[in-house]
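Participant: My structure is below; once you've seen it, I'll send some questions.
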Amino acid sequence: MISIKNLHASIGEKEILRGINLEIKAGEIHAVMGPNGSGKSTLASVLAGRTDYEVTQGEVIFNGKNLLDLSPEDRAREGLFLAFQYPVEIPGVSNINFLKTAVNEIRAYKGQEDMPAKDFLALVKEKQKLVELDGKLANRSVNEGFSGGEKKRNEIFQMAMLNPKLAILDETDSGLDIDALRIVASGVNALKSKDNAYIVITHYQRLLDYIVPDFVHILYNGKIVKSGGKELALELEAKGYDEIKEKFESLES
Amino acid sequence: MIAEKTNTAQVIIDKISSTSSKVNFIDNDKLSKALLYLENKGIPTNKHEEYKYCNVDGIFKKEFKNIEQKLNSVTDINKYKLNNALTIVVVNGNYSEKLSDKLILKGLHLNAFSNLDNDGKNLIGTLANVESDAFVALNTAFCGDGFHLKIADNEQLQMPIHILYVSSASAESLVNPRNIIELGKNSEATIIEEQINIGDSKVFTNFLSEKFIGENAKLNSYTFQNEGNNGYSVNTNNITLGRYAKYDNTTITLSGTLVRNNHQVVLAAQNCEAHLNGFFSTKSNQLVDNHTLMDHQMPNCESNELYKGIVNDKSTGVFNGKIFVRRDAQKTNAYQSSKNILLSDDATINTKPQLEIYADDVKCSHGTSTGKIDEAAVFYLNARGIGRESAKKLLLNAFAQEVINKIEVEELKEKILNLFENEL
């Protein structure tokens with residue numbers, strides 16, 4: 023699905039990703055954990071194509087294509103989805119109009135005709151249920167005045183509508199109460215299939231109780247310093263990041 | 004500031020005087036005052052405080068060096084009509100009975116200025132003081148045969164009135180359209196004023212409207228300016244409101260090389276209310292300047308202003324919003340907001356709120372923001388597969404619609420939205 027090799031990225035003079043290697047196959051869920059400032063969100067942003075970051079080395083192959091050569095919109099059209107940590111409010115653009123434009127631009131990229139309005143509305147109805155999103159929210163401006171939980175549910179709703187191959191959930195659990203967390207996780211689980219994959223970025227084990235990963239990677243100081251199965255997350259939860267910090271700081275100095 | 008006087012006004016006076024006959028519906032005293040003011044003060048340059056960002060003198064000198072007054076007659080305006088409105092047509096400043104619809108609605112009275120009785124003639128210039136502004140003076144001195152429209156007391160017009168100001172010339176020309184609109188007490192009307200230039204030459208339109216909104220009357224007013232590159236205009240609107248009266252205006256400017264709007268509302272009685280909304284979109288070297296004045300003279304009145312602009316290329320947008328709260332105008336609520344998007348590094352926005360408050364128990368606020376297109380929003384849309392151009396369109400449309408959606412005449416709203424979207 024995606025193959026990340028020796029990925030380095032900087033913002034200004036500061037190097038944040040310092041050689042990431044990650045291989046993800048269809049059907050897998052990978053959790054990326056790590057302390058604040060370790061580069062988790064940078065990884066998500068670089069993959070989605072945010073231009074604030076400069077990729078200085080490495081390559082990313084996504085379904086046979088060189089991802090880093092693609093514009094952000096083409097990455098999305100190829101099937102990459104980023105659930106934002108901080109979804110952006112867009113006053114005046116209705117959720118429905120936004121999604122219709124997105125769905126149809128992706129279809130146009132694939133050489134397909136616009137989705138008939140009736141099918142589109144049926145799809146909206148079906149996918150809204152998945153994240154228990156109120157129908158009224160669909161007609162409101164994108165994320166405007168949404169609570170934190172509604173914004174995150176809206177991200178998962180958009181994911182459901184666009185049906186990506188690879189979804190990156192960037193701290194989707196932050197700011198969620200336990201009920202919202204459960205709704206978001208069950209949405210993700212319902213959408214999981216043998217044909218798609220997930221990168222779940224999180225600080226906490228909590229989300230991983232609901233979205234069970236096949237692999238857990240610990241990102242520290244711009245590198246993946248440890249990988250393992252789902253038990254690694256539990257271990258981290260019990261011990262914290264201090265042990266890892268100490269070990270790698272002494273190693274680097 | 005003492006404004007430097009140039010000879011532009013004299014040049015205009017000489018040229019226009021030689022081609023037009025004397026205005027016979029404005030009394031001599033006013034006419035000579037107007038000419039005198041114009042000769043003394045001249046056409047404002049950017050040294051003039053009120054025209055700091057709108058150097059009309061400079062534009063006249065550059066773009067109207069050879070005013071020839073070659074005005075065309077106009078025979079067909081059907082394609083500009085709205086389906087569901089009564090059309091009043093003014094061609095090059097003169098009311099055209101021939102092109103206008105028969106005003107079959109009850110309670111509606113229209114007279115060309117030249118047909119007015121003395122009472123009617125005396126109304127001309129009661130709100131627009133010839134000694135207040137060079138363009139009021141210029142219009143007064145060379146006023147076209149405009150019209151007086153009256154909506155009788157207690158009449159609620161069931162159909163909008165669409166006033167089409169058509170200009171057409173085959174050489175540089177200056178036209179001075181003018182009207183008076185009176186709403187009797189308890190009456191209600193929707194009036195659309197649209198300006199178009201259908202000739203192949205530059206026309207400078209110096210428009211003036213005086214509107215009297217009687218007690219408990221309501222005027223929904225829309226101004227649509229789309230004169231293209233040959234359009235240059237200064238538009239003065241003087242409005243006065245009676246007790247419990249309501250005035251709503253939405254001004255949309257989609258084209259015109261120069262568009263200066265002087266919109267002055269006097270809240271002259273208790274419990275009246277005025278809303279001014281504006282949206283403009285400028286390109287190339289266009290200049291759109293919205294100057295508003297809300298003059299709160301009496302207690303318990305409310306005013307609200309929202310002006311938004313999108314400026315591209317080397318164009319300029321100006322918003323100057325003055326709010327007077329006079330000593331007697333206690334319990335005034337007055338709000339003002341100006342928001343702008345710059346689409347190019349060479350585009351300019353000048354925005355200036357001016358609040359002068361002499362009463363102590365009032366609520367007044369103003370806000371202004373100018374920025375580029377929200378790149379965080381663009382990226383968010385990109386990340387959902389929406390390309391950069393579509394993302395920009397979505398965002399600019401949303402920005403504009405906050406104002407355009409205030410238009411309650413569906414046909415007009417659709418027309419403006421389509422024109423705006425096609426320009427994006």
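Going line by line, the protein sequences match chains A and B.
To convert, take the position in the first sequence, counting from 1, and add 22; that gives the numbering used here.
To convert, take the position in the second sequence, counting from 1, and add 3; that gives the numbering used here.
We treat Cβ as the ideally placed atom computed from N, Cα and C, and that holds for glycine.
Since this is a predicted model, take the numbers as computed values, not measurements.
(1) Does any CB atom of chain A fall closer than 7 Å to the CB of B:N240?
(2) Would you report the Cα separation of B:M4 and B:K334, rounded to the nearest angstrom?
(3) Determine whether the beta carbon atoms of A:L191 and A:R175 lie at a separation below 7 Å.
(4) Using a Cβ-Cβ distance cut-off of 7 Å, determine whether A:L104 contacts chain B.
(5) In chain A, which residues lie with their C-beta within 8 Å of the C-beta of B:S1?
(6) DSSP on B:N408, reduced to helix/strand/coil?
(7) Is B:Y338 near B:N307, with beta carbons less than 7 Å apart?
(8) Expressed to the nearest angstrom, what Euclidean distance is found between the alpha-carbon atoms of A:I200 and A:Y232?
(9) If contacts are defined as beta-carbon pairs under 8 Å, then B:E411 and B:N223 qualify, I think. What distance do you get, rounded to the angstrom?
(10) Counting only beta-carbon separations shorter than 7 Å, does B:Q333 have a partner in chain A?
(11) Examine chain A for any beta-carbon lying closer than 7 Å to the beta-carbon of B:N421, and answer yes or no.
(12) Entirely within the region 193-260 of chain A and at least 3 residues each: give me those beta strand (DSSP E) ranges in chain order.
(13) Quick check on B:H112: buried or exposed, where buried means 16 or more other Cβ atoms within 10 Å of its Cβ?
(14) Any beta carbon of chain E sitting closer than 7 Å to that of A:A98?
(15) What does a CB cutoff of less than 6 Å around A:N284 pick up in its chain, not counting 5 residues either side in sequence?
(16) Looking only at its own chain, which residues have a Cβ that is under 8 Å from the Cβ of A:K87, when we skip the five neighbours before and after it?
(17) Are any of the Cβ atoms in chain B nearer than 7 Å to that of A:P94?
(18) Just to check, is the beta-carbon of B:L211 closer than 6 Å to a non-hydrogen atom of the ligand MN?
(19) Nearest-angstrom Cα distance between B:S284 and B:Y40?
(20) Where does the unbroken beta strand (DSSP E) through A:V82 begin, and where does it stop?
(21) At 7 Å on the CB atoms, spell out the chain A contacts of B:F382, in chain order.
(22) Among B:C304, B:T319 and B:N81, whose alpha-carbon lies nearest the alpha-carbon of B:L270?
(23) Is it right to say B:Y361 is buried, meaning 16 or more other beta carbons lie within 10 angstroms of its own, or is it exposed?
(24) Tell me whether the region 79-99 of chain A and the region 56-67 of chain A touch, counting them as touching only if at least three CB pairs, one residue from each stretch, are closer than 8 Å.
(25) When the distance is taken between beta carbons, is B:I326 closer than 7 Å to B:M301?
(26) I'd like to know if B:N385 contacts chain A, where contact means its C-beta is closer than 7 Å to some C-beta of that chain.
(27) Could you give the distance in angstroms between the alpha-carbon of B:G149 and the alpha-carbon of B:T295?
(28) Listing by chain order, which chain A residues have their CB less than 8 Å from the CB of B:F282?
(29) If the cut is a Cβ gap below 9 Å, which residues of chain A does B:I410 touch?
(30) At what residues does the beta strand (DSSP E) containing A:R296 begin and finish?
(31) Under three-state DSSP, which class holds B:Y235?
(32) For the alpha helix (DSSP H) that contains A:P94, what are its first and last residues?
(33) So, for A:Q150: in the same chain, excluding its five sequence neighbours on each side, which residues have a beta-carbon less than 7 Å away from its beta-carbon?
(34) Looking only at C-alpha atoms, which of A:I118, A:L213, A:G251 and A:D96 sits nearest to A:Q227?
(35) Using a beta-carbon distance below 7 Å, is A:I112 in contact with chain B?
Facilitator: Put simply:
(1) no
(2) Confidence at B:M4 is low in this model, with a pLDDT of 45, below 50, so its placement is unreliable and the value that follows should be read with caution. Each residue's Cα considered, the two are about 33 Å apart.
(3) no
(4) yes
(5) Residue 1 of chain B is absent from the structure shown; chain B starts at 4 and stops at 427.
(6) coil
(7) yes
(8) 11 Å
(9) 7 Å
(10) no
(11) no
(12) 219-223, 237-242 and 245-250
(13) exposed
(14) The chain inventory of the structure shown lacks chain E, comprising the protein chains A and B.
(15) What is shown of chain A runs 23 to 275, which leaves residue 284 of chain A out entirely.
(16) E100
(17) yes
(18) This structure does not include the ligand MN; it has no bound ligands of any sort.
(19) 34 Å
(20) E76 to F84
(21) R72 and P94
(22) B:C304
(23) exposed
(24) no
(25) no
(26) yes
(27) 24 Å
(28) Neighbours of B:F282 on chain A: none; closest Cβ ~13 Å, over 8 Å.
(29) Near B:I410 there are no residues of chain A at all, since even the closest Cβ is about 16 Å away, more than 9 Å.
(30) Since the first residue shown for chain A is 23 and the last is 275, residue 296 of chain A is missing from the structure and cannot be characterised.
(31) strand
(32) P94 to R99
(33) G157, A160 and F179
(34) A:G251
(35) yes
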